[in-house]
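**Student:**
In this note's numbering, the protein residues as written are -5 to 138.
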């Protein structure tokens, strides 16, 4: 099973430790094509490829070959929003996880989409439960 994980890179790396934990957990279900998103040493400059065109083409190929998209959307990110929209267009199952914040609401394009499963969490363990449930419902091999 191929899993595409999306999290903010150029939009800010404040949640990188959360991304790392999610990538590690997702790895127990299948191959995470975007492990680099969880790399806490990756800066918000987003230099994870030789140029922007390479990154775009690589990531779109990964997304196309994935079975699911799991995104952490607490930090606004144009790239993550693009990936979610592209996955929906490809009819991929999409899970968006977010931590509620008093000064910021989830984008209406995510919150209002009938094609995206949303899960609000406070604790990482709760997010992991949501991931397991989402994957198991959509892929029998995901049962642990």
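Virtual Cβ for every residue (Gly too), placed ideally from N, Cα, C.
I'd like the span of the beta strand (DSSP E) that includes residue 0, first residue to last.
**Tutor:** -4 to 0
**Student:** Can you tell me whether DSSP reads residue 91 as helix, strand or coil?
**Tutor:** strand
**Student:** What residue ranges within the segment 8 to 69 form continuous alpha helix (DSSP H) runs of no fewer than 4 residues, ordered along the chain?
**Tutor:** Qualifying alpha helix (DSSP H) stretches, in chain order: 10 to 20, 46 to 59.
**Student:** Considering only DSSP beta bridges, list what residue 112 is partnered with.
**Tutor:** 90
**Student:** Can you find the residues in the same chain that come closer than 6 Å, C-beta to C-beta, to residue 109, ignoring five residues on each side of it along the sequence?
**Tutor:** 82
**Student:** With the cut-off set at 8 Å, would you say residue 111 and residue 88 are in Cβ contact?
**Tutor:** yes
**Student:** Measuring only the C-alpha atoms, how far is residue 20 from residue 26?
**Tutor:** 7 Å
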